[in-house]
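J.: Residues in the sequence shown are numbered consecutively from 0, following numbering that gives the first Met the number 0. The beta-carbon is built from N, C-alpha and C at its ideal position, and this holds for glycine as well. Below are the structure tokens for one structure; questions will follow.
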Amino acid sequence: MVTYEQACDIIAAAFPGAVFSAAYEYPRGWYFNVEPSGWTEDQPVNPFGVSAIIHKADGAWKYFNVGNPEFLDVLGVAKPVALPEKYAAMIRPKHNAG
Numbered sequence: 000m001v002t003y004e005q006a007c008d009i010i011a012a013a014f015p016g017a018v019f020s021a022a023y024e025y026p027r028g029w030y031f032n033v034e035p036s037g038w039t040e041d042q043p044v045n046p047f048g049v050s051a052i053i054h055k056a057d058g059a060w061k062y063f064n065v066g067n068p069e070f071l072d073v074l075g076v077a078k079p080v081a082l083p084e085k086y087a088a089m090i091r092p093k094h095n096a097g
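Encoded structure:
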């Protein structure tokens, strides 16, 4: 069983240099919106369309999109969760991509 913090670390390792714009929890895990490095909070979310889902039971992750069989079920029950401070700190303030 993985914790939320471990899930964040797993997804961060899968997308080096990327930042999370949001995280959501559902009964079997979490999903994250992954943004390119340098993303600022006033830019559109998911400009290249990447989200990743991770399961609590085993820490396995997959891309989270319409091709994922869990997609519609998870969207209906997921709730936003705050990012851990070390990941929230990676989001640059508005207009400060440098």
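Please state whether DSSP places E34 in a helix, a strand or coil.
T.: In the structure shown, E34 sits in a strand (DSSP, three-state: E or B).
J.: What is the DSSP secondary structure of I52, reduced to helix, strand or coil?
T.: Strand.
J.: In the DSSP assignment, find the unbroken beta strand (DSSP E) run with V18 in it and report its ends.
T.: Element bounds for V18: V18 to Y25.
J.: Should A87 be labelled buried (16 or more other beta-carbon atoms within 10 Å of its own) or exposed?
T.: Label assigned to A87: exposed.
J.: Can you tell me whether DSSP reads V65 as helix, strand or coil?
T.: Residue state, collapsed to three classes: coil.
J.: I'd like to check one pair, F19 with L74: are the Cβ atoms closer than 9 Å?
T.: No, the pair does not count as a contact, with Cβ atoms beyond the cut-off.
J.: Measuring straight from C-alpha to C-alpha, what distance separates A51 and A13?
T.: Cα-Cα distance, rounded: 9 Å.
J.: Write down the C-beta distance between P43 and A17 rounded to the nearest angstrom, noting that I regard them as a contact closer than 8 Å.
T.: Not confirmed; about 15 Å, so no contact.
J.: When you compare the CB positions of W29 and K55, do they come within less than 9 Å of one another, or not?
T.: Yes; because the gap between Cβ atoms is below 9 Å, this pair is in contact.
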